[in-house]
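Structure first, commentary second.
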Amino acid sequence: MSAVIDKPPLWQRLAPMVSGFDGPLAFAIFLLACAGLLTMYSSGYDHGTRFADHSRNMVLAGVILFVVAQVPPQRLMSLAVPLYTLGVALLIAVAVFGVTKKGARRWLNIGVVIQPSEILKIAMPLMLAWWFQKREGQLRPLDFVVAGVLLAVPVGLIVKQPDLGTAILVLAAGMSVIFFAGLSWKLIVPPVVIGLTAAVLLVAFEGRLCADGVRWPVLHDYQQQRICTLLDPGKDPLGKGFHIIQGMIAIGSGGVLGKGFMQGTQTHLEFIPERTTDFIFAAFSEEFGLVGTLCLIGGFSFLLLRGLAIALEASSLFARLLAGSITMIFFTYAFVNMGMVTGILPVVGVPLPFISYGGTAMATLGMGLGMLMSIAKTKRLVQT
16 MSAVIDKPPL
26 WQRLAPMVSG
36 FDGPLAFAIF
46 LLACAGLLTM
56 YSSGYDHGTR
66 FADHSRNMVL
76 AGVILFVVAQ
86 VPPQRLMSLA
96 VPLYTLGVAL
106 LIAVAVFGVT
116 KKGARRWLNI
126 GVVIQPSEIL
136 KIAMPLMLAW
146 WFQKREGQLR
156 PLDFVVAGVL
166 LAVPVGLIVK
176 QPDLGTAILV
186 LAAGMSVIFF
196 AGLSWKLIVP
206 PVVIGLTAAV
216 LLVAFEGRLC
226 ADGVRWPVLH
236 DYQQQRICTL
246 LDPGKDPLGK
256 GFHIIQGMIA
266 IGSGGVLGKG
276 FMQGTQTHLE
286 FIPERTTDFI
296 FAAFSEEFGL
306 VGTLCLIGGF
316 SFLLLRGLAI
326 ALEASSLFAR
336 LLAGSITMIF
346 FTYAFVNMGM
356 VTGILPVVGV
366 PLPFISYGGT
376 AMATLGMGLG
386 MLMSIAKTKR
396 LVQT
């Protein structure tokens, strides 16, 4: 009778929830999370409650990861259309009666203030993966056109807000799905060649294009200024170019081994702007130097390679496309953030995963990693 009444220990009840978790992926997440906490403590210990809030956000992201990892890919696929539709509807609502701050209309007040564009970072790859799963075995050129339209609608709405950083992330997520679905190289090479040519011409004619009074079509004035500042930050060292110059000084002053934990002078004397958010990579590089930076890049590289391996081994087209896209989102986050801090890309406000402060971004990343873990978990349980 007692055997019937007695409940199994807690660890036995939790075991099925963690069984099948991908060990290498979990290890990569753990290492990057430790690096994030270490860096945030150094750069934000005297910055209000940043370290405590970052720790809380990381725990929240871990809970989201654990919960989402319990949802099988088939169930995730059923959420694709509703989540995408909701996200686009909210973006339209933002365009009509959104909250405007600092000249940008990106938020919506529904009792609490939310930023709907964050939803599309996950909804976009879900939707396109669902679309190509439905067309599996009968793909036509028209299907890629439809996928392009599905991607262009939210990206266009986000650019209009304007929020170039989020638009880049959503575009990268969608384009990676389209690429992994089998987009022909004949359609990929021409835009790449045009983009590289435009970049070369921009550098060659920077003096004329960035002269006073010259206005570029399509881009907002502040976006034009960011590009011109990237090309020559010395033109306005105490204004528009201050962020880039101070970031590069901090990175260079770290040398090979860095100045040591909590010893970064550029960081703690507050020369680095946004030292706990967009430019935290400069603070990290100053204190841990080239060796620490290479270790951080190695951690991200390991996470990316493991994500691509999970995508390659996934059991369905939907799971492969979703896993590949989520992995490329992390690559885009890291590449764009490091690029803008080191002065090779314009400043667009993209955080560094695990390292930068930000609750919404951390929750989104936790959700993406949960989906990746779910795909890996399902594959392992099928094999056993």
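Numbering (my numbering), first residue to last: 16 to 399. Backbone N, C-alpha and C fix where the C-beta goes; we use that ideal spot for every residue, glycine too.
field: Rounded straight-line distance, which links the Cα of Gln-89 to that of Leu-384
entry: For the purposes of this step, residue 384 is taken as residue 369 along the sequence shown, with counting starting at 1. For the purposes of this step, residue 89 is taken as residue 74 along the sequence shown, with counting starting at 1. Looking at the backbone, the Cα of Leu-384 and that of Gln-89 are separated by about 17 Å.
- prompt: Lys-250 lies in the beta strand (DSSP E); which residues open and close that run?
  reply: The residue given as residue 250 occupies position 235 in the sequence shown. Bounds of any beta strand (DSSP E) do not take in Lys-250, whose DSSP letter is neither H nor E.
task: Figure out for me which residue from Ala-84, Phe-45, Leu-52 has the closest Cα to the Cα of Met-386.
output: The residue you call residue 386 lines up with position 371 of the sequence shown. When the alpha-carbon of Met-386 is set against those of Ala-84, Phe-45, Leu-52, the nearest one is in Ala-84.
message: Within 10 Å of its beta-carbon, does Cys-243 have 16 or more other beta-carbons around it, so buried, or fewer, so exposed?
response: Numbered from 1 along the sequence shown, position 228 holds the residue referred to as residue 243. Residue burial is scored here from C-beta neighbours: Cys-243 has at least 16 other C-beta atoms within 10 angstroms and is therefore classed as buried.
query: Which residues mark the beginning and the end of the alpha helix (DSSP H) in which Lys-201 is found?
result: Counted from its first residue, the sequence shown places residue 201 at position 186. 200-219 is the span of the alpha helix (DSSP H), which, as asked, contains Lys-201.
message: With distance defined between alpha-carbon atoms, name the residue in Ala-338, Pro-169, Gly-364 nearest to Phe-350.
response: In the sequence shown, residue 350 corresponds to position 335, counting from 1. Nearest to Phe-350 by alpha-carbon distance, out of Ala-338, Pro-169, Gly-364, is Gly-364.
query: Grouping DSSP H, G and I as helix and E and B as strand, with all else coil, what is Arg-120?
result: Here residue 120 refers to the residue found at position 105 of the sequence shown. The answer is strand: DSSP assigns Arg-120 an E or B state.
message: Is the beta carbon of Val-362 closer than 8 Å to that of Ala-297?
response: The residue you call residue 297 lines up with position 282 of the sequence shown. The residue you call residue 362 lines up with position 347 of the sequence shown. Against a cut-off of 8 Å, the Cβ pair of Val-362 and Ala-297 comes out as no contact.
Contact between the region 147-161 and the region 329-345 (3+ Cβ pairs under 8 Å): The answer is yes - the region 329-345 touches the region 147-161, with three or more Cβ pairs under 8 Å.
message: So, with DSSP's three-state summary, where would you put Ile-287?
response: As a working note, residue 287 is residue 272 in the sequence shown. Looking at Ile-287 - three-state DSSP - the assignment turns out to be coil, as it is neither helix nor strand.
query: If you draw a straight line from the C-alpha of Gly-358 to the C-alpha of Tyr-372, how long is it?
result: Here residue 358 corresponds to residue number 343 of the sequence shown, with the count starting at 1. Here residue 372 corresponds to residue number 357 of the sequence shown, with the count starting at 1. So the two alpha carbons sit approximately 21 Å from each other.
query: What does DSSP give as the partner residues of Thr-280 in its beta bridges?
result: By 1-based counting over the sequence shown, the position of residue 280 is 265. DSSP output for Thr-280 lists no bridge partner at all.
Short Cβ contact (8 Å threshold) for Gly-313 with Ala-338: As a position in the sequence shown, residue 313 is number 298, starting the count at 1. As a position in the sequence shown, residue 338 is number 323, starting the count at 1. Ala-338 sits away from Gly-313, with the two beta carbons spaced by 8 Å or more.
Backbone CA spacing between Phe-303 and Pro-252 [nearest angstrom]: One-based indexing of the sequence shown puts residue 303 at position 288. One-based indexing of the sequence shown puts residue 252 at position 237. In this model, Phe-303 and Pro-252 are separated by some 26 Å (Cα to Cα).
query: What three-state label does DSSP hand Val-114 in the structure shown?
result: Residue mapping note: residue 114 aligns to position 99 of the sequence shown, counting from 1. In the displayed model, Val-114 falls within a strand according to three-state DSSP.
field: Proximity winner among Gln-240, Val-127, Ser-57, relative to Arg-290 (alpha-carbon distances)
entry: Within the sequence shown, residue 290 is the residue found at index 275, counting from 1. Out of Gln-240, Val-127, Ser-57, Ser-57 has the C-alpha closest to the C-alpha of Arg-290.
message: By the three-class DSSP mapping on this structure, what secondary structure does Val-19 have?
response: Numbered from 1 along the sequence shown, position 4 holds the residue referred to as residue 19. Unreliable placement is indicated for Val-19, whose pLDDT of 49 sits below 50; the coordinate value is still reported in the next sentence. Helix at Val-19.
message: For a cutoff of 8 Å on Cβ pairs, would you count Val-111 as touching chain D?
response: Included in the structure is just one protein chain, with no chain D present.
- prompt: So what does Val-128 bridge to, in DSSP terms?
  reply: Your numbering for residue 128 matches position 113 in the sequence shown. Note: Val-128 sits in a beta bridge opposite Asn-124.
query: Taking Gly-77 as the reference, which of Phe-45, Leu-105, Phe-317 has the closest Cα?
result: Locating residue 77 in the sequence shown gives position 62, counting from the first residue. Phe-45 is the residue among Phe-45, Leu-105, Phe-317 whose C-alpha sits nearest the C-alpha of Gly-77.
- request: Please report how far the alpha carbon of Ser-300 lies from the alpha carbon of Val-160, in whole angstroms.
  value: Sequence index remark: in the sequence shown, residue 300 carries index 285 (1-based). Sequence index remark: in the sequence shown, residue 160 carries index 145 (1-based). Taking the straight line joining both Cα atoms gives about 43 Å.
field: Candidates Phe-257, Ile-325, Ala-326, Thr-379, of which the one nearest Tyr-348 by Cα
entry: As a working note, residue 348 is residue 333 in the sequence shown. Taking only the C-alpha atoms, the option nearest Tyr-348 is Thr-379.
message: Tell me which residues share the same chain as Ser-389 and place their Cβ nearer than 8 Å to its Cβ, disregarding the 5 neighbours each side in the sequence.
response: The residue labelled residue 389 in the question sits at position 374 within the sequence shown. Scanning its chain for C-beta atoms nearer than 8 Å, with the 5 sequence neighbours on each side dropped, one finds around Ser-389 the residues Val-83, Ala-84, Gln-85, Val-86, Pro-87, Pro-88, Leu-91, in chain order.
task: Would you tell me roughly how many angstroms separate the C-alpha atoms of Ala-144 and Ile-173, rounded to the nearest one?
output: To locate residue 144, count along the sequence shown from 1; it is residue 129. To locate residue 173, count along the sequence shown from 1; it is residue 158. Roughly 21 Å between the two C-alpha positions.
Simplified DSSP assignment, three categories, for Cys-49: As a working note, residue 49 is residue 34 in the sequence shown. Shown here, Cys-49 sits in a helix according to DSSP, grouped into three states.
- prompt: Distance, Cα to Cα, Asp-158 vs Ala-182?
  reply: Here residue 158 refers to the residue found at position 143 when the sequence shown is read from its first residue. Here residue 182 refers to the residue found at position 167 when the sequence shown is read from its first residue. So the alpha carbons of these two residues sit roughly 22 Å apart.
field: Residue burial classification, Pro-97 (beta-carbon count within 10 angstroms, cutoff 16)
entry: Counted from its first residue, the sequence shown places residue 97 at position 82. When all chains shown are included, Pro-97 counts as exposed.
field: Thr-280 burial status per 10 Å Cβ neighbour count (16 or more: buried)
entry: To locate residue 280, count along the sequence shown from 1; it is residue 265. Note on Thr-280: under 16 other CB atoms within 10 angstroms of its CB, so exposed under the neighbour-count rule.
message: On the criterion of 16 or more Cβ atoms from any shown chain inside 10 Å, does Asn-124 qualify as buried, or is it exposed?
response: As a first step, residue 124 is located in the sequence shown; it is residue number 109 there, counting from the start. Counting Cβ neighbours within 10 Å, Asn-124 comes out exposed, since fewer than 16 surround it.
- prompt: How is Lys-149 classed by DSSP in three states: helix, strand or coil?
  reply: One-based indexing of the sequence shown puts residue 149 at position 134. The answer is helix: DSSP assigns Lys-149 an H, G or I state.
- prompt: I think Arg-120 touches Gly-113, with their Cβ atoms under 8 Å apart; what is that distance to the nearest whole Å?
  reply: The sequence position of residue 120 within the sequence shown is 105, counting from 1. The sequence position of residue 113 within the sequence shown is 98, counting from 1. That belief holds up - the Cβ atoms of Arg-120 and Gly-113 are roughly 4 Å apart, short of 8 Å.
message: If you reduce the DSSP assignment to three classes, tell me which class Ile-169 lands in.
response: Locating residue 169 in the sequence shown gives position 154, where the first residue counts as 1. The question names Ile, yet the displayed sequence has Pro at residue 169. In this structure, DSSP gives Pro-169 a helical state, which the three-state scheme calls helix.
query: Out of curiosity, what's the CA-to-CA distance linking Ala-188 and Glu-285?
result: One-based indexing of the sequence shown puts residue 188 at position 173. One-based indexing of the sequence shown puts residue 285 at position 270. Glu-285 has its alpha-carbon roughly 34 Å from the corresponding atom of Ala-188.
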